[in-house]
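Here's the structure, in structure tokens; my notes come after.
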Ligand SMILES: [Zn+2]
Ligand SMILES: [Zn+2]
């Protein structure tokens, strides 16, 4: 599957898949606007600003008044409406009624809840018969199944041993408070790799996303993503 990572870190997240599906809208409008002409649907995983950039959404709502949004979070629906997205353009899936696939025409989707400090969802998507999954900002992926999918976009935020050492070493109060949050709200390299090994087939492709360079050592860090 074709994908284009425009941003993937705590500084801002946005990935375009097969030109038509946008995963999160957490970067500036200037950086994303040239990629929107074929986009049919924007998925917003959760309300944090690195996934839902308020200024960018406002500009989008003005320039693309018919753009469709997808979310499982009522808080996200409320925020989008505040930012002038028309309610009729927001497709809200209530996962308490079960985790089912929805056929939206060009794209089929399924949402599942993740473990973050606000309501957050992963997205399973099927475009032209190819399946992918987008998982970001979660403590674990324990109940998620994506056997033999074509594309895995999976958070790989920190190495457990490196983060543990940083937490021990850390004397700065403010930073310690931030670091203490990370193991509860983000996915470690170890958990991401276990999930990938269990789910990937011989034709699957993967990309690590939402990495924090500070909590990585060695070659496992991909760079700026
Ligand atoms: Zn994030
Ligand atoms: Zn978050």
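Residue numbers (the numbering used here): 1072 to 1296. By construction, the Cβ of each residue, glycine as well, lies at the ideal position given by its N, Cα and C atoms. Everything numeric in this text was worked out from a predicted model, so none of it was measured.
1) Following a CB-centred definition, is residue 1122 positioned closer than 8 Å to any heavy atom of ligand 1?
2) For ligand 1, is there a heavy atom less than 8 Å away from the beta-carbon of residue 1199?
3) My understanding is that residue 1198 touches residue 1092, with C-beta atoms under 8 Å, so please give their C-beta distance in whole angstroms.
4) Go ahead and label residue 1176 buried or exposed: buried means 16 or more other beta carbons lie within 10 angstroms of its beta carbon, across all protein chains shown.
5) Less than 8 Å between the CB of residue 1191 and some heavy atom of ligand 2, yes or no?
6) Please look up how many angstroms separate the CB atoms of residue 1287 and residue 1230, rounded, as I've assumed it's under 8 Å.
7) So residue 1191 packs on residue 1208, CB below 8 Å; how close in whole Å?
8) Heavy atom of ligand 1 less than 8 Å from the Cβ of residue 1207, yes or no?
9) For residue 1170, I'd like the list of residues in its chain whose CB is within less than 8 Å of its CB, leaving aside the five on either flank, ordered along the chain.
Well, looking at it:
1) Stepping through the chain shown from its first residue, residue 1122 is reached at position 51. Checking every heavy atom of ligand 1 against the Cβ of residue 1122, one is found closer than 8 Å.
2) For the purposes of this step, residue 1199 is taken as the residue at position 128 of the chain shown. For ligand 1, not one heavy atom lies less than 8 Å from the Cβ of residue 1199.
3) Within the chain shown, the letter at position 127 stands for residue 1198. Within the chain shown, the letter at position 21 stands for residue 1092. Taking C-beta atoms under 8 Å as the contact rule, residue 1198 and residue 1092 qualify, at a distance of about 7 Å.
4) The sequence position of residue 1176 within the chain shown is 105, counting from 1. That one is exposed.
5) Locating residue 1191 in the chain shown gives position 120, counting from the first residue. Checking the Cβ of residue 1191 against ligand 2 gives yes.
6) Looking up residue 1287 in the chain shown gives position 216. Looking up residue 1230 in the chain shown gives position 159. Contact between residue 1287 and residue 1230 holds, with the beta-carbon distance rounding to 6 Å and staying under 8 Å.
7) Translated into positions along the chain shown, residue 1191 becomes position 120. Translated into positions along the chain shown, residue 1208 becomes position 137. The beta-carbon separation of residue 1191 and residue 1208, rounded to 6 Å, stays under the 8 Å limit for a contact.
8) Here residue 1207 corresponds to residue number 136 of the chain shown, with the count starting at 1. Remark: the shortest separation between the CB of residue 1207 and any heavy atom of ligand 1 falls under 8 Å.
9) Here residue 1170 refers to the residue found at position 99 when the chain shown is read from its first residue. The residues are 1181, 1182, 1183.
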